[in-house]
Amino acid sequence: MSVKGCFTDFHIDFGGTSVWYHVFRGGKIFWLIPPTLQNLELYEEWVLSGKQSDIFLGDRVELCQRIELKQGYTFFIPSGWIHAVYTPVDSLVFGGNILHSFNVPMQLRIYEIEDRTRVRMLDSLFKCAVPCDCIMYKILFMSLSERRELAVSPCHSG
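Heads up: the sequence shown at position 22 corresponds to 22 in the UniProt record's numbering, and the numbers run straight through without jumps.
Put into C-alpha cells, the structure is as follows:
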C-alpha cells in the first residue's frame, strides 16, 4: 500500500534481484534506466555523491524512460535496472523480488556496487529461517563462489 505522493528515488533492487509488480488498485509511475556499464557507473557516483536530493539521475543518463502503470497492469523489471517510483494516487500493489540464475553476472555486478556504496542487502536476503531456505542459500552461494571468490558461510536455522 502506498499513499498519493509517495516517491522512491532511483535504486537497484537488492542483490540484483528482478522484481514484479501488479497494480491491484491505483497506479504507479516508473522511471527506468537500462543497466549499461556507463549507467551503472553514473548511478554509483550519484549514490556516493550524497546529492541524491539535488540531482535527478534521469537527467544525467543518455536514456531514461517513463512508464505509467494503471490498475490491472503487471510489470517486470529485470536484474540490474535502475528505477524510481512515484505514486500518483492511493494504491494497492502486489509484488516481489526474484533471485534467479538467468543473469548471475549482473547480480554479481550489483553486489559489488552495493559493497562499494555500503548497501549490503544481499546478506540479509539469505538469512535462513527454515531448512528449505538454508538449502537454497547454500546452493546459491556455492554457485557464486565458483564464479568469484566469495566466502560461503555456514547456514544455521533459527
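Every residue gets a Cβ at the ideal spot worked out from N, C-alpha and C, and that includes glycine.
| Nearest residue (CA-CA) to residue 17, options 103, 118, 116 | Indexing the sequence shown from 1 puts residue 17 at position 17. Measuring C-alpha to C-alpha distances from residue 17 to each of 103, 118, 116 identifies 103 as the nearest.
| request: State the beta-bridge partners of residue 32 as determined by DSSP. | output: If you number the sequence shown from 1, residue 32 lands on position 32. Beta-bridge annotation (DSSP): residue 32 is paired with 65, 83.
| query | How is the beta strand (DSSP E) around residue 92 delimited, first residue to last? | reply | For this step, residue 92 is matched to residue 92 along the sequence shown. Counting along the chain, the unbroken beta strand (DSSP E) around residue 92 starts and ends at 92-98.
| Who are the near neighbours of residue 30 in its chain, counting only those whose CB is closer than 6 Å to its CB and skipping five residues on each side? | As a working note, residue 30 is residue 30 in the sequence shown. Within its own chain, the residues whose Cβ lies closer than 6 Å to the Cβ of residue 30, once the five positions on either side in sequence are excluded, are 67, 83, 85, listed in chain order.
| task | Determine, using beta carbons only, whether residue 95 and residue 19 come nearer to each other than 8 Å. | result | In the sequence shown, the residue the question calls residue 95 occupies position 95. In the sequence shown, the residue the question calls residue 19 occupies position 19. The answer is yes: Cβ separation under 8 Å.
| request: Determine the direct distance from the alpha carbon of residue 15 to that of residue 38, and round the result to whole angstroms. | output: Counting from one through the sequence shown, the residue named residue 38 turns up at place 38. Counting from one through the sequence shown, the residue named residue 15 turns up at place 15. In this structure, the CA atom of residue 38 is about 19 Å from the CA atom of residue 15.
| residue 46 - partner residues in DSSP beta bridges | Counted from its first residue, the sequence shown places residue 46 at position 46. Bridge partners of residue 46: none, in fact.
| said: Measuring alpha carbon to alpha carbon, tell me which residue in 93, 80, 108 is nearest residue 36. | reply: Counting from one through the sequence shown, the residue named residue 36 turns up at place 36. Nearest C-alpha to residue 36 among 93, 80, 108: 80.
| field | Between the CA atoms of residue 57 and residue 133 - distance to the nearest angstrom | value | Looking up residue 133 in the sequence shown gives position 133. Looking up residue 57 in the sequence shown gives position 57. The predicted position of residue 133 is uncertain, since its pLDDT is 46 and thus under 50; no value can be drawn from it.
| message | Excluding the 5 residues flanking residue 50 on each side, which residues of the same chain have their C-beta closer than 7 Å to its C-beta? | response | Translated into positions along the sequence shown, residue 50 becomes position 50. Once the five neighbours on either side are set aside, residue 50 has no close Cβ partner at all.
| task | Would you kindly check if the distance between the Cβ of residue 69 and the Cβ of residue 25 is under 8 Å? | result | Working through the sequence shown from its first residue, we reach residue 25 at position 25. Working through the sequence shown from its first residue, we reach residue 69 at position 69. Taking 8 Å as the Cβ cut-off, residue 25 and residue 69 do not qualify as a contacting pair.
| request: Quick one: give me the first and last residue of the beta strand (DSSP E) that residue 115 is part of. | output: Taking the sequence shown and counting its residues from 1, one reaches residue 115 at position 115. If you look at residue 115, you'll find it isn't in any beta strand (DSSP E); it sits in the alpha helix (DSSP H) that goes 104-116.
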